[in-house]
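Only one structure is covered here, and it is reproduced in the block below.
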Amino acid sequence: MSIKRVESKVKGSSNSKKSSSTKGKLVIRASNRKKGKRTRTIRKSAFRAVSNQFQTVLSTRVPQVIYAQEEFDLENEYNPATSTFTPEQNGVYSFTASVLFGSEPVTSVSVTLAVLVNNDVKLSSLETLSSGRGIVLTTGIVRLRKGDAVTVVIQTSAEGFISTSTGTRFEGFRVR
Numbered sequence: 001m002s003i004k005r006v007e008s009k010v011k012g013s014s015n016s017k018k019s020s021s022t023k024g025k026l027v028i029r030a031s032n033r034k035k036g037k038r039t040r041t042i043r044k045s046a047f048r049a050v051s052n053q054f055q056t057v058l059s060t061r062v063p064q065v066i067y068a069q070e071e072f073d074l075e076n077e078y079n080p081a082t083s084t085f086t087p088e089q090n091g092v093y094s095f096t097a098s099v100l101f102g103s104e105p106v107t108s109v110s111v112t113l114a115v116l117v118n119n120d121v122k123l124s125s126l127e128t129l130s131s132g133r134g135i136v137l138t139t140g141i142v143r144l145r146k147g148d149a150v151t152v153v154i155q156t157s158a159e160g161f162i163s164t165s166t167g168t169r170f171e172g173f174r175v176r
């Protein structure tokens, strides 16, 4: 099996390869010539976004968590306007979602954070914050199909807020 790294042509580089479907993207081309199999393109997929706005959370609702500040997105699959990740290819993806939550008034609160795929819960975490403040995190791997919509929601037992910090983040990458 041979693996070749294909990048956009760099100034002065004469041996870089470029094709219209991979223009400006980092891809790996893998082929197994001994078995006569076709070459397939494996695109690198990864993103990270954080919250840049204070979010009020009511105990009577299950709102989507807003991660509007995109830090990076290798394949343009994350939409910061909707805080939604939509993969361009099938595969297994790893996700981490977290929130820095605080209740008002400060009281013990249960917080559930869930990663949804097409509005179905795929990953979740339930934490009891005895001081009323803390980071709730969920992480895991999920098999996705091209075009699936991945979002994050929160449910709490008391009213509170999600803080703007790196403690409130949503990130993921393609494992396979």
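Just so you know, the UniProt record's numbering puts 39 at position 39 of the sequence shown, and the rest follows in order with no gaps. Glycine included, C-beta positions come from ideal geometry on N, C-alpha and C.
- Counting every other CB atom within 10 Å of its CB across the protein chains shown gives Leu126 a total below 16, marking it as exposed.
- Distance check between Val62 and each of Asp148, Phe161 and Val175 places Phe161 closest, using alpha-carbon atoms only.
- Annotation for Ala68: no beta strand (DSSP E) segment contains it, and DSSP assigns it neither H nor E.
- Going by C-alpha positions, Asn119 is about 13 Å away from Thr86.
- Taking 8 Å as the cut-off, the Cβ atoms of Thr112 and Ser124 count as close.
- One thing to note: Ser83 has its Cβ no nearer than 8 Å to the Cβ of Thr164.
- Here Phe101 has Val57, Val109, Val111, Leu129, Arg133, Gly134, Ile135, Val136, Ile154, Thr156, Gly160, Phe161, Ile162 and Ser163 as same chain residues with Cβ atoms under 8 Å from its own Cβ, once five neighbours each way along the sequence are excluded.
- With a beta-carbon spacing of about 6 Å, Gly172 and Ser94 fall inside the 8 Å limit used to define contacts.
- Across the structure, Ser103 and Gln64 are spaced so that their CA atoms are roughly 17 Å apart.
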